[in-house]
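Enquirer:
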Amino acid sequence: MTESTVVAVSADQPYNVVIGHDVSSLVIDMVRTDAARVAVIHAPVMADLARALGRDIAASGREPLLIAVPDAEAAKTAHVATDCWAALGRANFTRSDVVVGIGGGATTDLAGFVAATWLRGVDHIEVPTTMLGMVDAAVGGKTGINTGEGKNLVGSFHPPVGVVCDLDRLATLPVADYVAGLAEVVKCGFIADEVILELIEANPADVRLAGNAVEAELVQRAVQVKADVVGRDLREATTASTAQLSPISGLAQVTGREMLNYGHTFAHAVELAEHYQWRHGDAVSVGMVFAAEVSARSDIADPTLVRRHRDVLGSLGLPVTYCDADWSVLREAIGRDKKARGATVRFIGLDAVASPVLLAGVSEEILVAAYAAVAP
């Protein structure tokens, strides 16, 4: 095993995120000693890795239970969750047993949700195998599934007991999937760590390819951003409420977990409109441009910030425009966003790099203009 980096996440029960090459074997070390069974929920393309982990589980004296689920967002449904619960029930899965999720962000979201809801909560370990999963979905304790009305509307806060990010898995990703995951890395740069943006700007053509010279640092920095945020605010409890905002500016600095939703309000609307056929990272990329446009048109950000969004994201080959759905469809989805309070839509915006703000009650005129800017 080569050298690895550990990012510690503070929580009621702190846990570590291990980042490195050839580190998949560390999963067994994270399984509690009194576990008799370990369920491995995995995407179909991860079957070989799941079987290898199953052999390690058996060699440790525990019973492995391999549960294959559909790929991507098709896994995040109540029907699939029910199938997983049934499998746990048939295996007599107890509260001391452990769930492991192997795959992309959708798989780890589902595995965490199954663990959170089985017997009101059992341990789970996340093994993300995509860039998106490593820097976003598998870290932070948010679990969930989708409904026909929107993304992640059903879920629970249930932090893992450990996360293993084996960078070797990234080499197997199609370039489009790898690049889509970089959108969440860019997000961390804009909301908290400008060095991330500088590393990308120095050589974007190289960064968009797996195994690049700064890959490990980008993953580590993005995970550190998320760890810092969720360590102080696991359940989005510290952001100012709409009632606390200035009635004149509608603006408040964001220090809590809601900052991680930068770009996601519009992104989730795009995903719903596209029936989840768009990659999440691609939607987040356009969503960040939309959020930057809203910020600039609300007179809190300089137009150069919008240009930097377009330049950084575009240099990686990520989309910065979207015009394939009627605004009315997107606006309805935005109104159901988790950050909304009653009829008031709340956006995470920026007044500068690493300075996220909460915008409440943005006018319809600004929203329409921001959409026009991303839908040329």
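With my numbering applied, the sequence shown covers 45 to 420.
For each residue, glycine too, the CB sits at the ideal point set by N, CA and C.
Treat the numbers as computed from the prediction; the structure is a model and nothing was measured.
Leaving out five residues before and five after alanine 87 in sequence, what residues of the same chain have Cβ atoms less than 6 Å from its Cβ?
Expert: By 1-based counting over the sequence shown, the position of residue 87 is 43. If we look at alanine 87 and ignore the five residues flanking it on each side, its Cβ neighbours are Asp115, Gly147 and Thr151.
Enquirer: Report, in whole angstroms, the separation of the C-beta atoms of leucine 262 and valine 229, which I expect to be a contact under 8 Å.
Expert: By one-based count along the sequence shown, residue 262 stands at place 218. By one-based count along the sequence shown, residue 229 stands at place 185. Between valine 229 and leucine 262 the Cβ distance is about 5 Å, and since that is below 8 Å, they are a contact.
Enquirer: Output the residue ranges of the beta strand (DSSP E) runs that lie fully inside the stretch 88-150 and measure 3 residues or longer, sorted by chain position.
Expert: As far as the stretch 88-150 is concerned, its whole beta strand (DSSP E) runs of at least 3 residues are 107-112 and 142-147.
Enquirer: Would methionine 175 and leucine 226 be called neighbours here (beta carbons separated by less than 8 Å)?
Expert: If you number the sequence shown from 1, residue 175 lands on position 131. If you number the sequence shown from 1, residue 226 lands on position 182. Against a cut-off of 8 Å, the Cβ pair of leucine 226 and methionine 175 comes out as a contact.
Enquirer: Rounded to the nearest angstrom, what separates arginine 331 and lysine 231 at their Cα positions?
Expert: Indexing the sequence shown from 1 puts residue 331 at position 287. Indexing the sequence shown from 1 puts residue 231 at position 187. With the sequence shown as reference, residue 331 is identified as glycine, and arginine is not the correct amino acid for it. Between glycine 331 and lysine 231, the C-alpha separation is close to 10 Å.
Enquirer: Can you pull the DSSP bridge partners for alanine 404?
Expert: By one-based count along the sequence shown, residue 404 stands at place 360. BP columns for alanine 404 point to Arg390.
Enquirer: Among the residues of its own chain, which have a CB less than 7 Å from the CB of serine 48, if the five just before and after it don't count?
Expert: Against the sequence shown, residue 48 aligns to sequence position 4. Correct list, in chain order: Val62, Ile63, Gly64 and Val67.
Enquirer: When you compare each of Asp237, Ala160, Val273 and Val298 to isoleucine 392 by their alpha carbons, which one comes out closest?
Expert: Position 348 of the sequence shown, counted from the first residue, corresponds to residue 392. The shortest C-alpha separation from isoleucine 392 is found at Val298.
Enquirer: Could you give the residue range of the beta strand (DSSP E) that holds histidine 319?
Expert: Looking up residue 319 in the sequence shown gives position 275. No beta strand (DSSP E) holds histidine 319; DSSP gives it neither H nor E.
Enquirer: For alanine 102, which of Val84, Val113, Val89 and Glu117 has the nearest alpha-carbon?
Expert: Residue mapping note: residue 102 aligns to position 58 of the sequence shown, counting from 1. The shortest Cα separation from alanine 102 among Val84, Val113, Val89 and Glu117 belongs to Val84.
Enquirer: Taking a contact to mean a Cβ-Cβ separation below 8 Å, would you say histidine 168 touches valine 205 in this structure?
Expert: Taking the first residue of the sequence shown as 1, we reach residue 168 at position 124. Taking the first residue of the sequence shown as 1, we reach residue 205 at position 161. In this structure, valine 205 lies closer than 8 Å to histidine 168 by Cβ.
Enquirer: Let me know the secondary structure DSSP gives threonine 173 once reduced to three states.
Expert: Within the sequence shown, residue 173 is the residue found at index 129, counting from 1. Residue state, collapsed to three classes: coil.
Enquirer: Taking the straight line between their C-alpha atoms, what separation do you get for glutamate 242 and valine 219?
Expert: Along the sequence shown, read from residue 1 onward, the residue named residue 242 stands at position 198. Along the sequence shown, read from residue 1 onward, the residue named residue 219 stands at position 175. Rounded to the nearest angstrom, the two C-alpha atoms are 21 Å apart.
Enquirer: Identify which residue in Pro363, Ser399, Ala130 and His312 has its Cα closest to the Cα of lysine 374.
Expert: Taking the first residue of the sequence shown as 1, we reach residue 374 at position 330. First, the residue type needs correcting, since residue 374 is leucine and not lysine in the sequence shown. Measuring from the Cα of leucine 374, the nearest candidate turns out to be His312.
Enquirer: Whole alpha helix (DSSP H) runs in the stretch 355-380 with 4 or more residues, listed along the chain?
Expert: For the stretch 355-380, whole alpha helix (DSSP H) runs of length 4 or above, ordered along the chain, are 371-379.
Enquirer: If you run the structure through DSSP and keep just helix, strand and coil, what is valine 51?
Expert: Position 7 of the sequence shown, counted from the start, is the residue given in the question as residue 51. In this structure, valine 51 counts as strand in the three-state DSSP scheme.
Enquirer: Based on Cα-Cα distance, which residue from Thr173, Val179, Val314 and Lys186 lies nearest to leucine 154?
Expert: As a working note, residue 154 is residue 110 in the sequence shown. Selected option, being the one with the closest Cα: Lys186.
Enquirer: Helix or strand or just coil, what does DSSP make of valine 258?
Expert: On the sequence shown, residue 258 is found 214 positions in, with the first residue counted as 1. Reduced to three states, the DSSP call for valine 258 is coil.
Enquirer: Could you give the residue range of the alpha helix (DSSP H) that holds tyrosine 222?
Expert: Position 178 of the sequence shown holds residue 222. Residues 219-235.
Enquirer: What residues in its chain sit with their C-beta under 6 Å from that of serine 104, if we drop five residues either side in the sequence?
Expert: For the purposes of this step, residue 104 is identified with residue 60 of the sequence shown, where counting begins at 1. The residues are Ile72.
Enquirer: Would you mind sorting valine 319 into buried or exposed? The rule is 16 or more other CB atoms within 10 Å of its CB.
Expert: Taking the first residue of the sequence shown as position 1, residue 319 is located at position 275. Sequence inspection shows histidine at residue 319; the valine mentioned does not correspond to that position. Histidine 319 should be labelled exposed.
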